[in-house]
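Asker: Those protein sequences? They're chains A and B, same order as listed.
Numbered continuously in this note's numbering, the first sequence closes out at residue 334.
Numbered continuously in this note's numbering, the second sequence closes out at residue 452.
Don't be surprised by glycine CBs; every beta carbon is placed ideally from N, CA and C.
First the structure, which I've put down as C-alpha cells, then a few questions once you've had a look.
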Amino acid sequence: MIVKSLSETLSGMWSLLVGMRVTAGNFKSPQITVHYPRQVTNLDGYRGHIELVPSDEDPTKSKCIACSNCVRICPGACISLKASKPKKKAAAEKKDAPGTETETQPEGKKEAPPKKAKPELQSFVLDYNYCCLCGLCVESCPSGALRYSSDVYVAGFTRQEFVYDLLSRLQYQAQKKEQ
Amino acid sequence: MIEAIPTPFIVIFVGLLAVMAFVGLNAVVLVYLERKIAGFIHRRPGPYEVGPPCFPHGILQPVADGLKLVGKQIFTPKGADSFLYWLAPMISIAPAIVCFIVIPFGPHLQVINTNVGLILILAFTGINVLALCLAGWASQNKYGLIGAARDISQGVAYEIPLLLVVLSIVFMTGTFNLFDIADGQGAWPWQWYIVYQPLAFILFFICALAETNRNPFDLPEAESELTAGFHTEYSGMAFACFFLAEYAYMVVAACIMAILFLGGFQGPGAPGIWWFLAKIYVLLLIMIWIRWTFPRVRFDQLLNICWKWLIPLAVLNLLITLAVIAL
Chain A
156 MIVKSLSETL SGMWSLLVGM RVTAGNFKSP QITVHYPRQV TNLDGYRGHI ELVPSDEDPT
216 KSKCIACSNC VRICPGACIS LKASKPKKKA AAEKKDAPGT ETETQPEGKK EAPPKKAKPE
276 LQSFVLDYNY CCLCGLCVES CPSGALRYSS DVYVAGFTRQ EFVYDLLSRL QYQAQKKEQ
Chain B
126 MIEAIPTPFI VIFVGLLAVM AFVGLNAVVL VYLERKIAGF IHRRPGPYEV GPPCFPHGIL
186 QPVADGLKLV GKQIFTPKGA DSFLYWLAPM ISIAPAIVCF IVIPFGPHLQ VINTNVGLIL
246 ILAFTGINVL ALCLAGWASQ NKYGLIGAAR DISQGVAYEI PLLLVVLSIV FMTGTFNLFD
306 IADGQGAWPW QWYIVYQPLA FILFFICALA ETNRNPFDLP EAESELTAGF HTEYSGMAFA
366 CFFLAEYAYM VVAACIMAIL FLGGFQGPGA PGIWWFLAKI YVLLLIMIWI RWTFPRVRFD
426 QLLNICWKWL IPLAVLNLLI TLAVIAL
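Below you can see the structure in the form of C-alpha cells.
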C-alpha cells in the first residue's frame, strides 16, 4: 500500500520533470508566428483578381495574343481588350485594316497560316466589380497570359477604383522591378 | 534641520526609497519576462509591437501596461465596504516593501542588519493573507469571497511546512540573522546549504509557489473558475497594487531561497550583489517556467499535497536535522 502510493508519487514527480522538458523544448524551438503586416507567407495559393503574365522577351509586354477567348467566356463580362496589328506586316492587310476592334482574330491558330502578323495588345481592362473569381478566363487562355495576382490589399471608396487597367499595371510593375 | 533627524531614520528613509524603486523595477522586468517566456513556450513572440523601432521586441510593453493601469478609472462596487475595500491593496503592498529592508543584497548592501530578519520577513509576508482576505470579503462579490476563502486555507496550510523548513535551517545556523546565514556559506556551490538540505529546498520552493499564489497553486485567483478571484472587482491602480505585491512577494521568496540555500551574495570570485541578483533571477525564471508548464491543481489536491506530503516531510527533515546536530 505504502509502496504503491510512494511509487505513484515518484512517477508523478518524474512526469512533472518531463512536462518541464516539453515546455523547455518548445521554448527553444523556432516560433511559428507570422508577423503579418511585415511578413506574408501564405499567398502562394491565393486567387486574387487576374493579372497579365509578362512575356519572356520583354517584361513590359504581355503574352496575350488578343484572341478574346477570355472576353467571350467571362460570365460577368468584366474583361474588355483592344488590340491592333502592326502595320508593317504585309500579310495581314488582306483583311480589313483598322484592326482596332476586339474580336479581330478569333482563334488565331485555325486561320493563321505561317506569316500572319500578330495582333498587339493595346489595352486590357478588368472591371473587378463584376468579377466572380470563377477563373474561366485563366483556364481558357491559350497562351497562358493570365494568372491570379496575389493582390490582397483591395479596398476603395468608389467603383471606379476597381476598374483595373491590367496592361499599364504590368508596365508599372516591370518598371518598378527594374528600379 | 537635517542634523536633528537621527541617522537611523535617514537610513531607513533612503533605504525604503531604494527598495521601492527596486520593487517597481523588478515588477517591470518580471512582467516583461513573464509575457515573453509565456510567448516563447507557446512558440509565439510575446509582446512585440509596442514602442518605436528603436525599442524592438515590445520592450516598452510594461511601460504601456503601467500607463494603462494608472489611467484607468478606479471605483467601488455597489454594496462594498469601501474602507476595507481600499485598505486591502495597501495592506497587500506595504509589507512586501518592508520585507526588502532586512534582505542582504551584498556584503555591504543592506538597509538594516537585524537579528530577527528572518522572523520579520515571515511575519510580514503573513499579512498578505489578511490583505487578500479583506479584498475578497469587502468587494461584495461571490468570486472574490470564494477566492479569499481559498487564499486563507491555502496560506495557512502552506505556512506550516514553510516555517518547519526554515526552522531546520535556523537550527543548523543558530541565527535568524539573514546576513549571518548568507555569510556562513562558502563561495562555491558545494558549500551552500542546499547540499546539506536538498529536501528542505524542494519543500521550500513548493511552499513559496503556494504562498505567492503562483501556478500551479493559483487557486485564489483561478481565472477559469473565479474570473480573477479576490481582485475581481479591483481596477486601475488598486489592481496594480495587488499585481505589484504578487511580484514583490515572488522576489522576496526568491531572495529568501537564495539566502537560505544558495549562499546569498556569496559566489566564486568576488561576493556581491551580482551573484545575489543572478541567483534570484534564476529562481524567478524557474517559477515562471513552472507557471507556463503545469495546470492548476484542484483544491482538495492542493490541501492533500500540503497535509499529507509536505508537512510530514518537513517534520521528518526537521527531526533528521536535529538528530544530526545533536550528534
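Does any residue of chain B bring its CB to less than 7 Å from the CB of residue 187 of chain A?
Answerer: What you label residue 187 of chain A is simply residue 32 of the first sequence in a count that begins at 1. With 7 Å as the cut-off, residue 187 of chain A counts as an interface residue toward chain B.
Asker: Would residue 237 of chain A and residue 278 of chain A be called neighbours here (beta carbons separated by less than 7 Å)?
Answerer: Here residue 237 of chain A is taken as the residue at index 82 of the first sequence, counted from 1. Here residue 278 of chain A is taken as the residue at index 123 of the first sequence, counted from 1. Yes, these two residues count as a Cβ contact at 7 Å.
Asker: Anything in chain B within Cβ reach of residue 171 of chain A, meaning under 9 Å, just list it in chain order.
Answerer: In the first sequence, residue 171 of chain A corresponds to position 16, counting from 1. Neighbours of residue 171 of chain A on chain B, chain order: 415, 418, 419.
Asker: Is it buried or exposed for residue 168 of chain A, if we count other Cβ within 10 angstroms and need 16 for buried?
Answerer: If you number the first sequence from 1, residue 168 of chain A lands on position 13. Classification of residue 168 of chain A: exposed, given that the 10 Å Cβ count is below 16.
Asker: Which residues in chain A have a C-beta closer than 7 Å to the C-beta of residue 166 of chain B? List them in chain order.
Answerer: Locating residue 166 of chain B in the second sequence gives position 41, where the first residue counts as 1. Residues of chain A passing the Cβ test: 178, 181, 182.
Asker: According to DSSP, what are the bridge partners of residue 318 of chain A?
Answerer: Walking along the first sequence from the start, residue 318 of chain A turns up at place 163. Residue 318 of chain A is bridged to A/282.
Asker: Could you name the residues of the same chain whose beta carbon sits closer than 6 Å to that of residue 237 of chain B, not counting the 5 residues immediately before and after it, in chain order?
Answerer: Numbered from its first residue, the second sequence carries residue 237 of chain B at position 112. Excluding residues up to 5 positions away in sequence, 226, 227 lie with their Cβ nearer than 6 Å to the Cβ of residue 237 of chain B in the same chain.
Asker: Taking 6 Å as the line, does the beta carbon of residue 276 of chain B fall inside it for any heavy atom of the ligand FMN?
Answerer: Only the bare structure without any ligand can be found here, which leaves the ligand FMN out of the picture.
Asker: Go ahead and pull the three-state DSSP assignment for residue 173 of chain B.
Answerer: Position 48 of the second sequence holds residue 173 of chain B. In the structure shown, residue 173 of chain B sits in coil (DSSP, three-state: anything other than H, G, I, E or B).
Asker: Just to confirm before moving on: does the CB-CB distance between residue 242 of chain B and residue 351 of chain B stay below 7 Å?
Answerer: The count along the second sequence starts at 1 and reaches residue 242 of chain B at position 117. The count along the second sequence starts at 1 and reaches residue 351 of chain B at position 226. Contact: no.
Asker: Whole-angstrom Cβ separation of residue 286 of chain B and residue 431 of chain B, contact assumed at under 8 Å?
Answerer: Stepping through the second sequence from its first residue, residue 286 of chain B is reached at position 161. Stepping through the second sequence from its first residue, residue 431 of chain B is reached at position 306. Taking a contact as a CB-CB distance under 8 Å, the pair residue 286 of chain B and residue 431 of chain B counts as one, their CB atoms being some 7 Å apart.
Asker: Does residue 160 of chain B come within less than 7 Å of chain A when only Cβ atoms are used?
Answerer: By one-based count along the second sequence, residue 160 of chain B stands at place 35. Not closer than 7 Å to any Cβ of chain A, the Cβ of residue 160 of chain B fails to qualify, so no.
Asker: Give the C-beta separation of residue 356 of chain B and residue 342 of chain B to the nearest angstrom, bearing in mind that I take them to be a contact with Cβ-Cβ under 8 Å.
Answerer: Counted from its first residue, the second sequence places residue 356 of chain B at position 231. Counted from its first residue, the second sequence places residue 342 of chain B at position 217. No, residue 356 of chain B and residue 342 of chain B are not in contact; Cβ-Cβ is about 17 Å, not under 8 Å.
Asker: Determine the chain B residues that contact residue 174 of chain A at a beta-carbon separation under 8 Å, and present them in chain order.
Answerer: As a working note, residue 174 of chain A is residue 19 in the first sequence. Here the neighbours are 418, 419.
Asker: Quick one: which chain E residues come within Cβ less than 9 Å of residue 169 of chain B?
Answerer: Included in the structure are the protein chains A and B, with no chain E among them.
Asker: Taking 7 Å as the threshold (C-beta atoms), are residue 274 of chain B and residue 373 of chain B in contact?
Answerer: Residue 373 of chain B sits at position 248 when you count from the first residue of the second sequence. Residue 274 of chain B sits at position 149 when you count from the first residue of the second sequence. Not a contact, by the Cβ cut-off of 7 Å.
Asker: Which partner residues does residue 238 of chain A have in the DSSP bridge list?
Answerer: Translated into positions along the first sequence, residue 238 of chain A becomes position 83. DSSP lists A/276 as partners of residue 238 of chain A.
Asker: Name the one or two DSSP bridge partners that residue 302 of chain A has.
Answerer: The residue labelled residue 302 of chain A in the question sits at position 147 within the first sequence. A/206, per the DSSP bridge assignment.
Asker: From residue 216 of chain A to residue 282 of chain A, what distance separates their C-alpha atoms?
Answerer: Translated into the one-based positions of the first sequence, residue 216 of chain A becomes position 61. Translated into the one-based positions of the first sequence, residue 282 of chain A becomes position 127. Using only the alpha carbons, I get a separation of about 21 Å.
Asker: Counting only beta-carbon atoms, is residue 267 of chain A nearer than 7 Å to chain B?
Answerer: Locating residue 267 of chain A in the first sequence gives position 112, counting from the first residue. Residue confidence for residue 267 of chain A is low, a pLDDT of 48 falling below 50, so the modelled location carries little weight; the figure read from the coordinates is stated next. False, the Cβ-Cβ gap to chain B never drops below 7 Å.
Asker: Excluding the 5 residues preceding and the 5 following residue 412 of chain B in the sequence, name in chain order all residues of the same chain whose CB lies nearer than 7 Å to its CB.
Answerer: Counting from 1 along the second sequence, the entry for residue 412 of chain B is found at position 287. Taken in chain order, the residues that qualify are 334, 339, 375.
Asker: Tell me whether residue 312 of chain A is buried or exposed, calling it buried when 16 or more other Cβ atoms sit within 10 Å of its Cβ.
Answerer: Here residue 312 of chain A refers to the residue found at position 157 of the first sequence. Its Cβ having fewer than 16 others within 10 Å, residue 312 of chain A is exposed.
Asker: Should residue 365 of chain B be labelled buried (16 or more other beta-carbon atoms within 10 Å of its own) or exposed?
Answerer: Walking along the second sequence from the start, residue 365 of chain B turns up at place 240. When all chains shown are included, residue 365 of chain B counts as buried.
Asker: Please report how far the alpha carbon of residue 444 of chain B lies from the alpha carbon of residue 377 of chain B, in whole angstroms.
Answerer: Numbered from its first residue, the second sequence carries residue 444 of chain B at position 319. Numbered from its first residue, the second sequence carries residue 377 of chain B at position 252. Computed Cα separation, rounded: 27 Å.
Asker: Give the DSSP-derived three-state secondary structure of residue 217 of chain A in the structure shown.
Answerer: As a first step, residue 217 of chain A must be located in the first sequence, where it is residue number 62. If DSSP states are grouped into helix, strand and coil, residue 217 of chain A belongs with the strands.
Asker: Could you have a look at residue 231 of chain B and say whether DSSP puts it in helix, strand or coil?
Answerer: To locate residue 231 of chain B, count along the second sequence from 1; it is residue 106. Of the three classes helix, strand and coil, the one that applies to residue 231 of chain B here is strand, per DSSP.
Asker: Look at the alpha carbon of residue 256 of chain A and the alpha carbon of residue 309 of chain A, and state the distance between them as a whole number of angstroms.
Answerer: Along the first sequence, read from residue 1 onward, the residue named residue 256 of chain A stands at position 101. Along the first sequence, read from residue 1 onward, the residue named residue 309 of chain A stands at position 154. Its pLDDT being 47, under 50, residue 256 of chain A is placed unreliably by the model, and the measurement read from it follows with that caveat. Answer to the nearest angstrom: the Cα atoms are 30 Å apart.
Asker: Look up residue 186 of chain A in the DSSP assignment and say whether it is helix, strand or coil.
Answerer: Position 31 of the first sequence holds residue 186 of chain A. DSSP places residue 186 of chain A in coil when its eight states are reduced to three.
Asker: Under a Cβ-count criterion, where at least 16 other Cβ atoms within 10 Å of its own Cβ denotes burial, should residue 261 of chain A be classed as buried or exposed?
Answerer: Position 106 of the first sequence, counted from the start, is the residue given in the question as residue 261 of chain A. Residue placement at residue 261 of chain A cannot be trusted, given a pLDDT of 49 that sits under 50; what the coordinates show is reported in the next sentence. Residue 261 of chain A is classed as exposed because its beta carbon has fewer than 16 other beta carbons within 10 Å across all chains shown.
Asker: What is the DSSP secondary structure of residue 159 of chain B, reduced to helix, strand or coil?
Answerer: Position 34 of the second sequence, counted from the start, is the residue given in the question as residue 159 of chain B. Note: residue 159 of chain B maps to helix in three-state DSSP.
Asker: DSSP three-state label for residue 359 of chain B, please.
Answerer: For the purposes of this step, residue 359 of chain B is taken as residue 234 along the second sequence, with counting starting at 1. Correct three-state label for residue 359 of chain B: coil.
Asker: Can residue 186 of chain A and residue 168 of chain B be called in contact, C-beta distance under 7 Å?
Answerer: Position 31 of the first sequence, counted from the first residue, corresponds to residue 186 of chain A. Position 43 of the second sequence, counted from the first residue, corresponds to residue 168 of chain B. Their beta carbons are under 7 Å apart, which means residue 186 of chain A touches residue 168 of chain B by this criterion.
Asker: At what residues does the alpha helix (DSSP H) containing residue 412 of chain B begin and finish?
Answerer: Here residue 412 of chain B refers to the residue found at position 287 when the second sequence is read from its first residue. In this chain, the alpha helix (DSSP H) harbouring residue 412 of chain B covers 398-416.
Asker: Do residue 305 of chain A and residue 201 of chain A have their C-beta atoms within less than 7 Å of each other?
Answerer: As a first step, residue 305 of chain A must be located in the first sequence, where it is residue number 150. As a first step, residue 201 of chain A must be located in the first sequence, where it is residue number 46. Taking 7 Å as the Cβ cut-off, residue 305 of chain A and residue 201 of chain A qualify as a contacting pair.
Asker: Look at residue 286 of chain A and residue 219 of chain A and say whether their C-beta atoms are less than 7 Å apart.
Answerer: As a working note, residue 286 of chain A is residue 131 in the first sequence. As a working note, residue 219 of chain A is residue 64 in the first sequence. No, the pair does not count as a contact, with Cβ atoms beyond the cut-off.
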